[in-house]
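2 protein chains.
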Amino acid sequence: MNQKRPRVVIIGAGFAGLYAAKTLASHNVEIILIDRNNFHTFSPLLYQVATCALDPSAIAYPVRSIFRHRDNVHFMLGEVVSINTDNHQVEVRTNGQTHTESYDSLIVAAGSVTNHYGQQSIETNSFGLKDLDDAVRLRHHILRLFEKAAWTDDQDYKSALMTMVVVGGGPTGLETAGALFELYNHVLKQEYDDWHDLKAKVILLEATDKLLAPYPESLQEEAKKQLESVGVEVMLGAMVESVAVDHVKLKDGQIIPTHTLVWSAGVKANPLVDMLNLELQRAGRIPIEPTIQVEGYDNVYAAGDLAYLEDENGQPYPMLIPAAKQQGILAAKNIIRQMKGESLETFKYIDRGIMATIGRSRAVAYIYNRIPMTGWLAWMAWLWLHLVMLMGFRNRISVFVNWVWNYWTYDRSVRLILDRNPARNEGDVA
Amino acid sequence: MNQKRPRVVIIGAGFAGLYAAKTLASHNVEIILIDRNNFHTFSPLLYQVATCALDPSAIAYPVRSIFRHRDNVHFMLGEVVSINTDNHQVEVRTNGQTHTESYDSLIVAAGSVTNHYGQQSIETNSFGLKDLDDAVRLRHHILRLFEKAAWTDDQDYKSALMTMVVVGGGPTGLETAGALFELYNHVLKQEYDDWHDLKAKVILLEATDKLLAPYPESLQEEAKKQLESVGVEVMLGAMVESVAVDHVKLKDGQIIPTHTLVWSAGVKANPLVDMLNLELQRAGRIPIEPTIQVEGYDNVYAAGDLAYLEDENGQPYPMLIPAAKQQGILAAKNIIRQMKGESLETFKYIDRGIMATIGRSRAVAYIYNRIPMTGWLAWMAWLWLHLVMLMGFRNRISVFVNWVWNYWTYDRSVRLILDRNPARNEGDVA
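Residue numbers (the numbering used here), protein chains in the order written: chain A, 422 to 851; chain B, 422 to 851.
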């Protein structure tokens, strides 16, 4: 190995880390890219894996494939166990062994995790939707629910099994709730014949009095209307008090019997940020300079969801993919500038707007945060954008073929229960 | 539910059970189809899932989808725990509850399992390739092997990790060995750069002095030649004495350091056959009449791999898909004949021949057990036949797209390690 080239260690192969690595790859540096998965995940489509519309491999791409032709990018599968900013070293646990990697520059881009706000009952009894493991676990759970409900004679148990609750009125919550009800309504209902008498219900809980907080009011109302037209029950001002395997209790005392609580009501920085021993910002995020450097460090950068930076109005940049991608690229560019002795550039966020899909032919979009768009047009825009953004030519074909197939046939064939030994959260009565 | 219609219980949704259910579905009977998976598996392509060429969902199809428009076929996900032929009842454990199902006729079609011939060290330390769980487990293992080997400095450990051993000179053994070496040679080798210095080796062990026992000698030799041209080392007359996590020991004392032993050296009937309290035949198979009825029973049928029937030459019918399918169909037809008071038909096996693929553009086939075929032509015949046989239109498209993609790009994008907590067999040194 060439020890003379500067070494950049990147923690995380999400959007920030991946685009940082891509940007650095064409320069004369050695890059060590570390992730606990051997693939990059296209997270906006996780809910489609969870609801049987897509295979995991359609939205995830092996990191080594992405850098197949870059011999200065070295992927390491493992978990970072310590960061030593004095010695410029990162310790990685991989396959039972610990490696120490030295860096000249470090980019911390480990993303975010589900935020349960310290509520143990939620953490234990809910499903997240932050990574592919989450999505696959939720999918197996949903499919197993229906098999259980099919053969039970206990009507209360059956109705609890058939009630799915999604918490959080953000895009993930809306998309998941809509897709869950469509999975039941278009697909599963046809296959559980009259013998079984199954009626499913999907409830979306939102603690505040509106969905999609950053959108203009007209789109918020449109989203609610669309969601209800799909068949989802929307409850605003509904705050979760606690969760058990077979019910959720709201702050107002109401109890909803359910075996499925999908928690998409918040995210926080990956707890790995604690390794830096910094004063953290809201949601545990690392305060960074407009140069993407971690405050107080010269050669440590933090990019993406786990980094905290405010715009000119004092608002933090959102924990969204475009911000992560743009920060990752800027971190990489600034590292190269540093090496050349040039002055560093500061972050300018290019915001093309926000969008959420709600189900078949339904979506809301707020283009450039100026132009509202709804219905079929917004849905087509959503489809097109997500296809374009998807990494890898084969994945794009595969997702496209699946979408067309699902649309025309109202079918979902990705419906295999592959874990015969289910984990927690199954809530068997027997 | 209509209690007046005769009830047929079918155990197993493999080829025998599935085709029995399909045949019965158009008659005036109520069918309960039981399987421990919620899908039917196209088992000939399991090795392609194991070697990252196909997604699990491409070769498996939800049973409920298959019978979506048949309201007299009821699927039950669960494991049969007892068969009571006196009371005509089957007990099924499903999701922690036990159901009792009564039958007028029973078809036992639970297939076969890997045969370790009672050798505990093989059972503990080898990978099978009999169901989708096996295939996914082997895939994760292989991908993790390469990640381990990439970052270790211990050359002996590295070389053991990079040695994969397949046992069994039948079609599964050949196909798996060929596909494993191609996965390394065409795909993984490109992505583990010179830093890692990885050289993989695939060894095929066969206990007798020839591959593909039922084929004519010329094809046996051709198969060996093709396999070696792919890059696989073939060892004939090599009998396994014992297996550990990090090596396999042969009967002649030779030790091969390896962390991967794929055992495809034999199958036996599903142990569920013991529930019938019968004198079993070779490989634990249930002796049946030419009518597919279990010997001594009027309303109990056994079809497929777990059933034992001899042809006019005293040779048992092979444990292959065509035999299973034909027996399943005949069992269903004879049940209908019985109900109508007609006399039963006896089994006539239609044998279209055997084939095995060895890698890119390589295969051997023995059409109608008369016409030998090799090379590209045999390979195209194999591809075509397997596409046609694959269940479900979407799966066929998806497999076809994947195959074309893999062929032209020498890529495999189904390479996600999805179980972060690996099971046994991982053989970590640390």
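Glycine included, every Cβ here is placed at the ideal spot set by N, Cα and C.
In this text, all values refer to a predicted model and were calculated from it rather than measured experimentally.
Less than 8 Å separates the beta-carbon of A/V513 from that of A/I455.
Judged by beta-carbon spacing, B/M585 lies beyond the 8 Å limit of B/T515, meaning their Cβ atoms are not closer than that value. Contact of B/Q611 with chain A by beta-carbon distance below 7 Å involves R489. Residue range 500-505 is occupied by the beta strand (DSSP E) that includes B/E500. Residue state for B/P708 is assigned as strand, using DSSP reduced to three classes. For A/H461 against A/V484, the beta-carbon gap comes to about 6 Å, under 8 Å, which counts as contact. Per DSSP, the unbroken alpha helix (DSSP H) holding A/S542 starts and ends at 541-546.
Under the 10 Å beta carbon count, A/T545 is surrounded by fewer than 16 other beta carbons and is classified as exposed.
At a cut-off of 8 Å between beta-carbon atoms, A/F460 makes contact with chain B. Taking 7 Å as the Cβ-Cβ cut-off, the segment 490-516 of chain B approaches chain A at D492, H495, M497, L498, T515, N516, given in chain order. Here the segment 552-570 of chain B makes contact with the segment 823-839 of chain B; the two share three or more CB pairs at distances below 8 Å.
For the pair A/A556 and A/G433, the CB atoms are not nearer than the 8 Å cut-off. Pairing B/S533 with B/N691 gives a Cβ-Cβ distance under 8 Å.
In this model, B/L609 and B/W824 are separated by some 17 Å (Cα to Cα). For B/D507, the closest alpha carbon among the candidates B/N734, B/N698, B/L475 is that of B/N698. Around A/D618, no beta-carbon contact reaches into chain B at under 9 Å, the shortest distance being about 11 Å. Apart from sequence neighbours up to five positions away, the residues of its chain that approach A/F436 with a beta-carbon distance below 7 Å are G725, I742, A745, K746, G749, ordered along the chain.
Apart from the 5 residues on each side of it in sequence, A/A600 sits with its Cβ closer than 6 Å to the Cβ of Y468, T472 in its chain, given in chain order. Using a Cβ-Cβ cut-off of 8 Å, B/E568 counts as an interface residue toward chain A, since at least one Cβ of chain A sits closer than that to its own.
A distance of 8 Å or more separates the beta carbons of B/A634 and B/L553. A/H807 has a beta carbon lying at 8 Å or more from every beta carbon in chain B. Here the alpha carbon of A/L693 sits roughly 12 Å from the alpha carbon of A/L701. Burial of A/N493 is indicated by the presence of at least 16 other C-beta atoms within 10 angstroms of its C-beta. Distances from the alpha-carbon of A/N505 to those of A/K769, A/D695, A/M740, A/R457 put A/D695 closest.
Not a single C-beta of chain B is nearer than 8 Å to the C-beta of A/P592. Annotated as distal: B/L657 and B/S547, with beta-carbon spacing of 8 Å or more.
Residue environment for B/E603: buried (at least 16 other C-beta atoms within 10 angstroms of its C-beta).
Within chain B, the C-beta atoms nearer than 7 Å to that of A/W572 come from M497, T515, H520, in chain order. One alpha carbon belongs to A/A644, the other to A/D618, and they sit about 30 Å apart. Closest by C-alpha distance to B/S639, out of B/I792, B/N449, B/M810, B/I818, is B/I792.
DSSP places B/Q510 outside any alpha helix (DSSP H); the residue lies instead in the beta strand (DSSP E), whose first and last residues are 510-515. For B/G594, the enclosing alpha helix (DSSP H) begins and ends at 592-603. The residue among B/E654, B/V669, B/G652 with its C-alpha nearest the C-alpha of B/M660 is B/V669. With a contact defined as Cβ atoms closer than 8 Å, A/T597 and A/S685 qualify at about 6 Å. Look at A/S486: its C-beta is under 8 Å from a C-beta on chain B. At a C-beta separation below 9 Å, A/A744 has no neighbours in chain B, since its nearest C-beta there lies roughly 26 Å away.
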